[in-house]
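Notes to accompany the following structure.
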Amino acid sequence: MNWEQLLSTKRFGMETYHSTRFDDRTEFQRDYDRLIFSAPFRRLQNKTQVFPLPGSVFVHNRLTHSLEVACVGRSLGYGVSQRLIEKNVEYSSIRYLSEIGAIVSAACLAHDLGNPPFGHSGEKAIATYFSEGDGLKLKELMTEDEWNDCIKFEGNANAFRLLTHQFNGRRPGGFVLTYSTLASIVKYPYASRYSDVNKQKFGFFNSEVNDFIAVSQELGIHKSESNSNRYVRYPLVYLVEAADDICYQIMDIEDAHKLKILSTDEVKFLFLNFFDVERQAKMNNNLSLVSDENEQIAYLRSSVIGKLVEQCVDAFVNYEQLILEGRFASSLIKQLPQQSKEAYERCSAIAYKKIYRSSEVLDVELAGYKIMLTLLQHFVEAVLTPNKAYSQQLLMRIPPQYETNSSTVYGKIQSILDYVSGMTDVYALEMYRKITGINIPTL
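So this is what it looks like as structure tokens:
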């Protein structure tokens, strides 16, 4: 792959109108603005990141997480573009190379748009509805590829669909983003049937295969030499992934501190371990200047993020050639220097033990699982038997943009998954209460 072809301002769905703009914003900044002002992005404010949505303590939701990932992604992209130009003077003539930060930042905003309510619990509920629940009876009504999309439902693939699909009444091309921004969110550039058995991740549904092929051909993304069923990663995916890895790990620990799941001393220990003894001494001196514990942790958190950004930029630049050849089989976070790598792994172990397995988190996952299964049971039955009286009432609740009148079972199922996965946690809970009769509207 080469940077000249990889960085394209051509817009998906508006290829025939491709032209140069005449204002102060670049095309990639337009992507960022378009995403910020979109309804799916606003809905992220009511979608769970890890902890239950705010009570007395405000913790991260999907929206605040995405904004922070975008900030870190911008820093990563800017750092990489500057270092690449310093490394190779010929790169200074490559158009849009200096815009890598804007591309990565926009992609970071979009990376979680396809996630259903209740985080990974929602994803799992959708998948198991088909693999173990009532949806299992639909297997014979779909092709193997279509069925794999259902039993391995994946938020990453759903994001690519949301951004590219022409829903009823909408314009071709979905969000009409640039090809470069779209490619930057596809962490797993292959269809569901080619996903790993143990890690069932993939980048696009069967319905969007041709869309991804169009993006890959435009940008010169080639197929993997070791597996012809998969494409290699678009280079900027590594930066989006690194921004996400940095934010969710470090910010989850800060949230756990605010919720008193982790003590101040525990978090100080975790964060200071990223630095050598000399730097730790200076940081401890700075910590002594403020007495507010939350402010102390915020200072340490920002220092850790800054260090990880710098080291991930180093890793990308060092492995640039392998990345362009499609032979870099790792993530940037796994290429950290030994001290940072060990500190990051220690954070991961503590997060898994004390955060992701905490009762607060598990309770939301359990409730979300039940809610999602119930919604799917009712709406899938309705879309497949639309002539029943109750089905008609349910289907009237679904906005017309969703293609419930599709001519195929797969298309009908997708319309329900589009609708349900787009719900916020709060809306999903309200809908669950209404269709189960727990809440009855007052007259």
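Residue numbering for the sequence shown follows this note's numbering, beginning at 1 and increasing consecutively. Positions of the beta carbon are idealized from the N, C-alpha and C atoms, including for glycine. Here the structure is a predicted model, which is why all the values come from computation and not from measurement.
{"Item": "Exposure label - P337; buried when at least 16 CB within 10 Å", "Value": "exposed"}
{"Item": "Straight-line Cα distance separating Y390 from V240", "Value": "44 Å"}
{"Item": "Where V89 falls, given that 16 or more other Cβ within 10 Å makes a residue buried", "Value": "exposed"}
{"Item": "Beta-bridge partners of R11, as assigned by DSSP", "Value": "T178"}
{"Item": "Any alpha helix (DSSP H) of 4 or more consecutive residues that is wholly inside the stretch 212 to 264", "Value": "237 to 258"}
{"Item": "Segments assigned alpha helix (DSSP H), at least 4 residues, entirely inside the stretch 99 to 136", "Value": "100 to 110 and 119 to 131"}
{"Item": "Within-8 Å CB hit, Y402 to chain C", "Value": "Checking the listed chains, one finds no chain C in this structure; it contains a single protein chain."}
{"Item": "Cβ distance (whole Å) where E154 is taken to contact K201 below 8 Å", "Value": "6 Å"}
{"Item": "Where the alpha helix (DSSP H) through N286 begins and ends", "Value": "V277 to L287"}
{"Item": "Cβ-Cβ separation, V383 to K354 (assumed contact under 8 Å), whole Å", "Value": "That pair is no contact at about 42 Å."}
{"Item": "Exposure of S93, with buried meaning 16 or more beta-carbon neighbours within 10 Å", "Value": "exposed"}
{"Item": "Contact set for Q335: own chain, Cβ-Cβ below 6 Å, skip 5 residues either direction", "Value": "A315"}
{"Item": "Opening and closing residue of the alpha helix (DSSP H) in which D292 lies", "Value": "No alpha helix (DSSP H) contains D292, which DSSP labels as neither H nor E."}
{"Item": "Endpoints, alpha helix (DSSP H) assigned at A39", "Value": "A39 to R42"}
{"Item": "Residue nearest to Y427 in terms of C-alpha spacing, selected from Y32, R43, Q29 and D33", "Value": "R43"}
{"Item": "Minimum C-alpha distance to D292 - residue among R30, Q401, L395 and T264", "Value": "T264"}
{"Item": "Distance between F160 and L182 (C-alpha atoms, nearest Å)", "Value": "7 Å"}
{"Item": "T374, enclosing alpha helix (DSSP H) - first and last residue", "Value": "S359 to L384"}
{"Item": "When E68, V72, Y96 and L67 are compared against S81, the one with the closest alpha-carbon", "Value": "Y96"}
{"Item": "Outcome for E403 when other beta-carbon atoms lying within 10 angstroms are tallied against a minimum of 16", "Value": "buried"}
{"Item": "Beta-ladder partner(s) of T48, from DSSP", "Value": "N61"}
{"Item": "Alpha carbon of L7 to alpha carbon of L219, nearest angstrom", "Value": "7 Å"}
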